[in-house]
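Report on the structure given below.
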Amino acid sequence: MGGDEVDPGVFDYSIVHIKVRDEKKNKTYGCTGTMISKRHLLTCLHCVQDDNLTFYTHFTFDTIFDKGAKFNITDFNIHIIDDRVDLAIIEFSKNTKFKHKNMHKMHLVADNMLAPHLQDKIHNKGYVAGYGHYKFQDDKKTGAQIAVSDGRLRIARVPIYPKKVCRSNIRICSSDGKLPFAYHGDSGGPLFFFQNQMSNITKESERDELDFNITHPKRHHKMYQFGLIIGGEINRTYSLPINQFCWWIEEVTRWEVQCEYVFQNRSRRSASPPPQKAAENGSPNSQPFENDENIKDSDISLKSDNSKVLPLSDLPKDEFEDEENEMDAEDLSCILFCINILILIGLVILLCYYFCLKSAESNVQLPTVIQKV
């Protein structure tokens, strides 16, 4: 909701508009996805599967294929982890011919961006992008306010918050109680930052940076996705942390996609990330589209358990400062592992010294006494 309109070509068509047709309900749903390789499209599970856990059968991807080109579910593969994890990868065949020859791919971040000190490195700000609803307007028939979409890509810079605000280790909170924020149709879209965003900036330069990034896409070189938009409530957006699912993404894509450590130099990843529940299903918000189809996205829930989210106004001023000094489980595990290795090395040295000493003692010869006869 809100944001700046931008042509998909600015990002080399890496942010894709997905439309699915529900033949049973005679409705079309809209979602967003990101190209993470030359043929893999990352999105949400609920964008490809209905409430009865049945896959939709008809899709269009106008961003990367000719407009109106229809795909059946048999035309590609869909990978999922579990019905409880709102994550899916659409895999096109290797001989697929896309509309654009040089599509950009989104780089996936292996760093734990829930950590406050890493959020500080991107100035506690990220970008969200999607093809969802962008404004409210009065319905001519009922007079009620409805959310509308025009199928165009929009991008917005949003604040992000550490896990204490979200009260969760398995989602990233963004937006701060006002526009812009993700809404219906933005599900499956990226929460990301630009390469040039890691430099020192001021609040006064944020607007210039946004304009720079969407006007000069070739200058920032890389876009780093660290979250997958899955749902939320009014004025608050929730995203899955990408790093918790790198192991699965790399496995199902047969290493055609590999996550990157941007801020840390580590060669290991968590082997058993916790499952993430699918986004709650809220009341869908339909809107008239260009071809008079009702395109909606029932993903972004307007419901939430407010007791689980710490309101921004109630957050102590030193909340972030305390979080910076907090050691995450991965760091603690690494330290304990190193300590155990050092102890084992010490024991081996002591054992070697002990056995060498015993061997030396046994090899000592007693002096021979010569007696005169």
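First residue of the sequence shown? That's 133 in our numbering, and the numbers climb one at a time after it. All C-beta atoms, glycine included, are put in the ideal place defined by N, C-alpha and C. Nothing here was measured: the structure is a model prediction, and the numbers come from that model.
**Report entry** Environment of ASN244 [buried if 16+ CB atoms lie within 10 Å]
**Finding:** Along the sequence shown, read from residue 1 onward, the residue named residue 244 stands at position 112. Classification for ASN244: buried.
Query - Residue-chain proximity (LEU246, chain C), Cβ-Cβ < 8 Å - result: Structure shown: chain C not included; a single protein chain is present.
Requested in this report: Flag ILE361 as yes when its Cβ comes closer than 7 Å to any non-hydrogen atom of the ligand NAP, and as no otherwise.
Outcome: The ligand NAP is not among the ligands present in this structure, which contains no ligands whatsoever.
Query raised in the report: For the beta strand (DSSP E) that PRO248 lies in, which residues bound it at each end?
Result: Stepping through the sequence shown from its first residue, residue 248 is reached at position 116. From DSSP, PRO248 is part of no beta strand (DSSP E) but of the alpha helix (DSSP H) over 248 to 253.
Query - Nearest neighbour of GLY317, chosen from ARG286, VAL290, ILE292, ARG299 [CA to CA] - result: Counting from 1 along the sequence shown, the entry for residue 317 is found at position 185. GLY317 has its Cα closest to that of ARG286, out of ARG286, VAL290, ILE292, ARG299.
Query raised in the report: Which same chain residues, not among the five before or five after LEU177, have their C-beta less than 8 Å away from its C-beta?
Result: The residue given as residue 177 occupies position 45 in the sequence shown. ILE212, ASP215, VAL217, ASP218, LEU219, ALA220, ALA410.
Query raised in the report: Which word fits VAL389, buried or exposed, when buried means at least 16 other C-beta atoms lie within 10 angstroms of its C-beta?
Result: For the purposes of this step, residue 389 is taken as residue 257 along the sequence shown, with counting starting at 1. Counting Cβ neighbours within 10 Å, VAL389 comes out buried, since at least 16 surround it.
Query raised in the report: Would DSSP call ASP270 helix, strand or coil?
Result: In the sequence shown, residue 270 corresponds to position 138, counting from 1. Strand at ASP270.
Query raised in the report: Any idea what DSSP makes of ASP214, helix, strand or coil?
Result: The residue given as residue 214 occupies position 82 in the sequence shown. Coil at ASP214, not helix or strand.
Query raised in the report: At what residues does the alpha helix (DSSP H) containing GLU383 begin and finish?
Result: Counting from 1 along the sequence shown, the entry for residue 383 is found at position 251. Its alpha helix (DSSP H) spans residues 378 to 384.
Query raised in the report: Is the beta carbon of PRO140 less than 8 Å from the beta carbon of MET238?
Result: The residue labelled residue 140 in the question sits at position 8 within the sequence shown. The residue labelled residue 238 in the question sits at position 106 within the sequence shown. Not closer than 8 Å, so no.
Report task. Please classify HIS172: does DSSP put it in a helix, a strand, or coil? Result -> For the purposes of this step, residue 172 is taken as residue 40 along the sequence shown, with counting starting at 1. It is a strand residue.
Requested in this report: Give the DSSP-derived three-state secondary structure of GLN181 in the structure shown.
Outcome: Working through the sequence shown from its first residue, we reach residue 181 at position 49. Correct three-state label for GLN181: strand.
Report task. Compute the beta-carbon to beta-carbon distance between ILE361 and SER319, rounded to the nearest angstrom, for a pair I have assumed lies under 8 Å. Result -> One-based indexing of the sequence shown puts residue 361 at position 229. One-based indexing of the sequence shown puts residue 319 at position 187. Confirmed, Cβ separation roughly 6 Å.
Query raised in the report: Taking the C-alpha atoms as reference points, what is the distance between ILE477 and TYR485?
Result: The residue given as residue 477 occupies position 345 in the sequence shown. The residue given as residue 485 occupies position 353 in the sequence shown. ILE477 and TYR485: Cα-Cα distance of roughly 12 Å.
Query raised in the report: How about ILE374 and VAL290: are their beta carbons less than 8 Å apart?
Result: The sequence position of residue 374 within the sequence shown is 242, counting from 1. The sequence position of residue 290 within the sequence shown is 158, counting from 1. In this structure, VAL290 does not lie closer than 8 Å to ILE374 by Cβ.
Report task. Please state whether DSSP places VAL394 in a helix, a strand or coil. Result -> By 1-based counting over the sequence shown, the position of residue 394 is 262. Residue state, collapsed to three classes: coil.
Report task. Inspect the beta-carbon positions of GLY165 and LEU174 and report whether they are closer than 8 Å. Result -> As a position in the sequence shown, residue 165 is number 33, starting the count at 1. As a position in the sequence shown, residue 174 is number 42, starting the count at 1. Taking C-beta atoms as the reference points, GLY165 and LEU174 count as a pair closer than 8 Å.
Report task. Hey, could you find the ends of the beta strand (DSSP E) LYS159 is sitting in? Result -> As a position in the sequence shown, residue 159 is number 27, starting the count at 1. Per DSSP, LYS159 belongs to the beta strand (DSSP E) from 159 to 167.
Requested in this report: Report yes if the CB atom of GLU223 is closer than 8 Å to the CB atom of ASN209, and no otherwise.
Outcome: Looking up residue 223 in the sequence shown gives position 91. Looking up residue 209 in the sequence shown gives position 77. Yes, they are a contact pair.
Requested in this report: Helix, strand or coil for GLY141, going by three-state DSSP, please let me know.
Outcome: Taking the sequence shown and counting its residues from 1, the one referred to as residue 141 is at position 9. GLY141: helix per DSSP, three-state reduction.
Query raised in the report: Measuring CB to CB, does ARG303 end up less than 8 Å from TYR356?
Result: Here residue 303 refers to the residue found at position 171 of the sequence shown. Here residue 356 refers to the residue found at position 224 of the sequence shown. Not a contact, by the Cβ cut-off of 8 Å.
Query raised in the report: Under 8 Å, do ILE147 and ALA261 count as touching if we go by C-beta distance?
Result: Locating residue 147 in the sequence shown gives position 15, counting from the first residue. Locating residue 261 in the sequence shown gives position 129, counting from the first residue. Yes, Cβ-Cβ distance for ILE147 and ALA261 is below 8 Å.
Query raised in the report: Looking at LYS231 and PHE191, is the spacing between their C-beta atoms short of 8 Å?
Result: Here residue 191 refers to the residue found at position 59 of the sequence shown. Here residue 231 refers to the residue found at position 99 of the sequence shown. No, they are not a contact pair.
**Report entry** For ILE473, the residue or residues it bridges with in DSSP
**Finding:** Along the sequence shown, read from residue 1 onward, the residue named residue 473 stands at position 341. Answer is none; ILE473 lacks a bridge partner.
Requested in this report: Just mark ALA288 as buried or exposed, buried being the case when its beta carbon has 16 or more other beta carbons within 10 Å.
Outcome: Here residue 288 is taken as the residue at index 156 of the sequence shown, counted from 1. The residue in question, ALA288, is buried, as its Cβ has 16 or more Cβ neighbours within 10 Å.
Report task. Please name the residue in GLY258, THR160, LYS253, LYS272 whose C-alpha comes closest to that of GLN396. Result -> Locating residue 396 in the sequence shown gives position 264, counting from the first residue. Nearest option by C-alpha distance: LYS253.
Requested in this report: Could you name the residues that DSSP lists as bridge partners for ASP282?
Outcome: Looking up residue 282 in the sequence shown gives position 150. Partner(s): none; ASP282 has no beta bridge.
Query raised in the report: To the nearest angstrom, how far is it from the Cα of ARG386 to the Cα of LEU372?
Result: Stepping through the sequence shown from its first residue, residue 386 is reached at position 254. Stepping through the sequence shown from its first residue, residue 372 is reached at position 240. One C-alpha to the other measures close to 22 Å.
Query raised in the report: Less than 8 Å separating the beta-carbons of PHE325 and TYR259?
Result: Numbered from its first residue, the sequence shown carries residue 325 at position 193. Numbered from its first residue, the sequence shown carries residue 259 at position 127. Less than 8 Å separates the beta-carbon of PHE325 from that of TYR259.
Query raised in the report: Cα-Cα, which of CYS378, ARG171, ALA201, ASP144 is closest to VAL152?
Result: Walking along the sequence shown from the start, residue 152 turns up at place 20. Comparing Cα-Cα distances from VAL152 to each of CYS378, ARG171, ALA201, ASP144, the minimum goes to ALA201.
Query raised in the report: In three-state terms, what does DSSP make of VAL389?
Result: Counting from 1 along the sequence shown, the entry for residue 389 is found at position 257. Coil at VAL389, not helix or strand.
Report task. Determine the contact status of PHE143 and HIS255, defining contact as a CB-CB distance below 8 Å. Result -> On the sequence shown, position 11 is the one that residue 143 refers to. On the sequence shown, position 123 is the one that residue 255 refers to. No.
Requested in this report: Express the C-alpha separation of LYS170 and ILE467 in angstroms, rounding to a whole number.
Outcome: Counting from one through the sequence shown, the residue named residue 467 turns up at place 335. Counting from one through the sequence shown, the residue named residue 170 turns up at place 38. The alpha-carbon atoms of ILE467 and LYS170 are separated by roughly 38 Å.
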